[in-house]
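**Q** Sharing a structure with you now.
Number of protein chains: 2
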Amino acid sequence: MKRPATGTKASRTHAGKRLAVKRALRPTPQRDGNTEQQILDGAHAVFLRHGTSGARMQDIAAEAGVNQALLHYYFRSKERLSEAVFRRAAAQLLPRVIEVMASEAPLEGKIARVVDLELDYLLQAPYLPGYIISELHNHPGRVRQLVSTMTGMTPEHVGPRVVTRLRQQLEEGVRAGRFRPTAADQLIVNLFSLCIFPFAARPMLMAILGMDHEAFHHFIGERRRQLADFVLGALRP
Amino acid sequence: MKRPATGTKASRTHAGKRLAVKRALRPTPQRDGNTEQQILDGAHAVFLRHGTSGARMQDIAAEAGVNQALLHYYFRSKERLSEAVFRRAAAQLLPRVIEVMASEAPLEGKIARVVDLELDYLLQAPYLPGYIISELHNHPGRVRQLVSTMTGMTPEHVGPRVVTRLRQQLEEGVRAGRFRPTAADQLIVNLFSLCIFPFAARPMLMAILGMDHEAFHHFIGERRRQLADFVLGALRP
DNA sequence: GTCTATATGTTGATAGAC
DNA sequence: GTCTATCAACATATAGAC
């Protein structure tokens, strides 16, 4: 049950793309350039670590170096702010990978490219997978935002297109004796699993395998060199 | 910063293993048998779907069919109740699998057995992986509870033992020409990734691949038959 | 042991000065 | 646009009757 939305709805002007007004020697502190972006960055940092339910608006304000009221001025509510952050985050997890998978390059190269792309990216954004999975798990409504975000970036529906192309390539490979018969959707999920899970479950893996941050980094470096061969190896007839 | 723990600490009797007192025709409603268990089940249901931060004590009480005050009578605080639920959940994700992996059976059989065990179990507890990952991600303190829970169930430290045994078997296999050189920890993570990720990322995968619940169930059924071959195939020299 | 009623603190959101 | 001060609405936790 959602909160009753106390005040009048959408009553305020609600900052559009505001332009750089005259900023001379006002008592107003040094706001770098774009306050909205600053807030979004702060919210990103806090939401990614604590999740939407666990995040506190006060912490976001502090992280962004602004006042809590400004958060509402720019984003109206925590709900909307969290949507904005989730959209931005969701847009970073897969699109490049999907782009590659949907391309016309040979399958062997695509797999190697996806592994490199994904591991390299996630190494510098290690909280992303855990956040996405956490949000999607705890707030089922987020699923709609995910699909709308992804369909907004790629022509047509994402899954079918990638899977169809992949299925073609697998069938060709099988006929040519290069691959063993393999279901396309299973292969896709295998690839995503192998790339993303180690980051999503990072705290667990580090605990179980007794790794510190440096060891984990090294572990991923090793993985970056072996993973494509692992998958290609599995595809051999 | 933790909440200041308002009241006196551990002041109450705090229900130990309470025994079945005389229950005749009292006005007290039909409490099946064990109220503590009932609460734990209700808390499990709510925490697994909403996460610790998102869960509300009132919802847990309702789910358990009891009063909110009873939650505090049995578990003192939301924090402790959530710990109890997390421990119980964490104890179900891996132990059987670790048991198998640490055994003396041939590697090929162990892999097939792990796949069957894990997919079968997760099919009936699909929220488990998302919950564990979400908790570990949003509440880093949970990591300690995880390791203490796991070390409490298996002799010695978990990871090292499993990895050591696995490394031996891999080396033997390589010498016998059955396996290609493979890092043990990478293989372990590959196995976990391939089994657990599809459930952890289930909402995302269903959305991307356009599956409904039935289709997902069928997808896992298919996976159950192919996954071991996929991994074994990757291990061939 | 279990309930109803209530205290206490936190949190998202708003009002209004500048 | 940005701030300080404050409100109103929960959510957790406790008190106390039965």
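Protein chains in written order, with my numbering: chain A, 118 to 354; chain B, 118 to 354.
Every residue, glycine too, gets a C-beta built ideally from N, C-alpha and C.
(1) Could you tell me which uninterrupted alpha helix (DSSP H) segments, each at least 4 residues in length, are contained entirely in the segment 246–275 of chain B, listed from first to last along the chain?
(2) Answer yes or no: does any C-beta atom of chain A fall closer than 9 Å to that of V260 of chain B?
(3) From the beta carbon of M323 of chain B, is the nearest beta carbon of chain A less than 9 Å away?
(4) Would you say R282 of chain A reaches chain B, if we count a Cβ-Cβ gap shorter than 9 Å as a contact?
(5) Quick one: which residues of the segment 292–317 of chain A get their C-beta closer than 9 Å to a C-beta of chain B? List them in chain order.
(6) Is any beta-carbon of chain B found at less than 9 Å from that of E339 of chain A?
(7) Out of A:L352, A:N151, A:D158 and A:L211, which has the shortest C-alpha to C-alpha gap to T299 of chain A?
(8) Determine the burial state of E196 of chain A: buried for a count of at least 16 other Cβ atoms within 10 Å of its Cβ, exposed for fewer.
(9) Tell me whether the segment 250–268 of chain A and the segment 312–320 of chain B touch, counting them as touching only if at least three CB pairs, one residue from each stretch, are closer than 8 Å.
(10) Measuring only between beta-carbons, confirm whether Y244 of chain B sits less than 9 Å from chain A.
(11) Grab me the residues of A229 of chain B's own chain with a C-beta within less than 6 Å of its C-beta, minus the 5 sequence neighbours each way, in chain order.
(12) Buried or exposed: where does G290 of chain B fall if 16 or more other Cβ atoms within 10 Å of its Cβ makes it buried?
(13) Suppose the cutoff is 8 Å on Cβ atoms and the five residues either side in sequence are ignored; what does the same chain contact list for N255 of chain B look like?
(14) Can you tell which of A:N307, A:R342 and A:L287 has its C-alpha closest to the C-alpha of P223 of chain A?
(15) Taking Cβ positions only, does L188 of chain B come closer than 9 Å to chain A?
(16) Any idea what DSSP makes of P354 of chain A, helix, strand or coil?
(17) With a threshold of 9 Å between beta carbons, is M267 of chain B in contact with chain A?
(18) Tell me which same chain residues have a C-beta within less than 7 Å of the C-beta of G327 of chain B, skipping the five on either side of it?
(19) Roughly how many whole angstroms lie between the Cα atoms of E235 of chain A and G150 of chain B?
(20) Note down, in chain order, each residue of its chain lying with its Cβ closer than 6 Å to the Cβ of R341 of chain A, except the 5 sequence neighbours on either side.
(21) Is the beta carbon of P212 of chain A sitting closer than 9 Å to the one on T281 of chain A?
(22) Could you tell me whether the Cβ of S220 of chain B comes closer than 9 Å to any Cβ of chain A?
(23) Step through the CB atoms of chain A and report whether any lies within less than 9 Å of the CB of L326 of chain B.
(24) Taking P315 of chain A as part of the alpha helix (DSSP H), name the residues at either end of that continuous run.
(25) Which stretch, first to last residue, makes up the alpha helix (DSSP H) that contains Q154 of chain B?
(26) Only counting the same chain, and skipping five residues up and downstream in sequence, which positions put a Cβ closer than 7 Å to that of E180 of chain B?
(27) Compare the C-beta of H256 of chain B against all C-beta atoms of chain A and say whether one is closer than 9 Å.
(28) Would you identify the three-state DSSP class for F333 of chain B, choosing helix, strand or coil?
(29) Rounded to whole angstroms, what's the CA-CA distance from F61 of chain B to H335 of chain A? Just pull it up for me.
(30) Using beta carbons (cut-off 9 Å, strictly below), is F336 of chain B in contact with chain A?
(31) How many Å lie between F309 of chain B and V279 of chain B at the Cα?
(32) State yes or no: is the C-beta of G182 of chain B within less than 9 Å of the C-beta of R297 of chain A?
(33) Measuring CB to CB, does E252 of chain B end up less than 9 Å from F203 of chain B?
(34) With 8 Å as the C-beta to C-beta threshold (strictly closer), list the residues of the segment 170–184 of chain B near chain A in chain order.
**A** Let me lay it out:
(1) You should have 259–268.
(2) For the purposes of this step, residue 260 of chain B is taken as the residue at position 143 of the second sequence. So, interface residue.
(3) As a first step, residue 323 of chain B must be located in the second sequence, where it is residue number 206. Answer yes: the Cβ-Cβ gap between M323 of chain B and chain A drops below 9 Å somewhere.
(4) Position 165 of the first sequence, counting from 1, holds the residue named residue 282 of chain A. Answer no: the Cβ-Cβ gap between R282 of chain A and chain B never drops below 9 Å.
(5) From the segment 292–317 of chain A, only R297, T299, A300, D302, Q303, L304, I305, V306, N307, F309, S310, L311, C312, I313, F314, P315 and A317 have a Cβ closer than 9 Å to chain B.
(6) Translated into positions along the first sequence, residue 339 of chain A becomes position 222. At least one chain B Cβ lies under 9 Å of E339 of chain A.
(7) Translated into the one-based positions of the first sequence, residue 299 of chain A becomes position 182. The option with the nearest alpha carbon to T299 of chain A is A:L352.
(8) The sequence position of residue 196 of chain A within the first sequence is 79, counting from 1. Burial state of E196 of chain A is exposed, judged by a 10 Å Cβ sphere holding fewer than 16 other Cβ atoms.
(9) The segment 250–268 of chain A makes contact with the segment 312–320 of chain B, as at least three CB pairs between them are under 8 Å.
(10) Residue numbering aside, residue 244 of chain B sits at position 127 when the second sequence is read from its first letter. Output row for Y244 of chain B: interface = yes.
(11) Within the second sequence, the letter at position 112 stands for residue 229 of chain B. For A229 of chain B, same chain residues with a beta-carbon under 6 Å away, outside a window of 5 residues either side, are A345 in chain order.
(12) What you label residue 290 of chain B is simply residue 173 of the second sequence in a count that begins at 1. Within a 10 Å sphere around the beta-carbon of G290 of chain B sit 16 or more other beta-carbons, which makes this residue buried.
(13) Reading the second sequence from its first residue, position 138 is the one you call residue 255 of chain B. So the list reads G168, T169 and S170, once near-sequence residues are dropped.
(14) Within the first sequence, residue 223 of chain A is the residue found at index 106, counting from 1. Considering only A:N307, A:R342 and A:L287, the residue with the shortest C-alpha distance to P223 of chain A is A:L287.
(15) Locating residue 188 of chain B in the second sequence gives position 71, counting from the first residue. False, the Cβ-Cβ gap to chain A never drops below 9 Å.
(16) The residue given as residue 354 of chain A occupies position 237 in the first sequence. In this structure, P354 of chain A counts as coil in the three-state DSSP scheme.
(17) In the second sequence, counting from the first residue as 1, residue 267 of chain B sits at position 150. Answer yes: the Cβ-Cβ gap between M267 of chain B and chain A drops below 9 Å somewhere.
(18) The residue given as residue 327 of chain B occupies position 210 in the second sequence. So no residue of the chain qualifies.
(19) Here residue 235 of chain A refers to the residue found at position 118 of the first sequence. Here residue 150 of chain B refers to the residue found at position 33 of the second sequence. E235 of chain A and G150 of chain B: Cα-Cα distance of roughly 51 Å.
(20) As a first step, residue 341 of chain A is located in the first sequence; it is residue number 224 there, counting from the start. Closer than 6 Å at the Cβ level, and outside the excluded window around R341 of chain A, lie L236.
(21) Reading the first sequence from its first residue, position 95 is the one you call residue 212 of chain A. Reading the first sequence from its first residue, position 164 is the one you call residue 281 of chain A. No. Outside cutoff.
(22) To locate residue 220 of chain B, count along the second sequence from 1; it is residue 103. Contact with chain A is absent for S220 of chain B, since none of that chain's Cβ atoms lies less than 9 Å from the residue's Cβ.
(23) Counting from one through the second sequence, the residue named residue 326 of chain B turns up at place 209. Between L326 of chain B and chain A, the shortest Cβ-Cβ separation is below 9 Å.
(24) In the first sequence, the residue the question calls residue 315 of chain A occupies position 198. In the DSSP annotation of this structure, the continuous segment of the alpha helix (DSSP H) that includes P315 of chain A starts and ends at A301 to A317.
(25) Stepping through the second sequence from its first residue, residue 154 of chain B is reached at position 37. Following the DSSP letters along the chain, one finds Q154 of chain B inside the alpha helix (DSSP H) bounded by residues T152 to G171.
(26) Stepping through the second sequence from its first residue, residue 180 of chain B is reached at position 63. Correct list, in chain order: G159, A162 and V163.
(27) Counting from 1 along the second sequence, the entry for residue 256 of chain B is found at position 139. Yes, H256 of chain B counts as interfacial toward chain A.
(28) Walking along the second sequence from the start, residue 333 of chain B turns up at place 216. Here F333 of chain B sits in helix by DSSP.
(29) In the structure displayed, chain B extends from 118 to 354; residue 61 of chain B sits before or after that span and is not available.
(30) Working through the second sequence from its first residue, we reach residue 336 of chain B at position 219. Closer than 9 Å: yes.
(31) Within the second sequence, the letter at position 192 stands for residue 309 of chain B. Within the second sequence, the letter at position 162 stands for residue 279 of chain B. Those two C-alpha atoms are separated by around 13 Å.
(32) For this step, residue 182 of chain B is matched to residue 65 along the second sequence. For this step, residue 297 of chain A is matched to residue 180 along the first sequence. It is not a contact, given that the beta carbons lie outside the stated cut-off.
(33) Position 135 of the second sequence, counted from the first residue, corresponds to residue 252 of chain B. Position 86 of the second sequence, counted from the first residue, corresponds to residue 203 of chain B. Yes. Within cutoff.
(34) Of all residues in the segment 170–184 of chain B, only S170 and G171 place a beta-carbon less than 8 Å from a beta-carbon of chain A.
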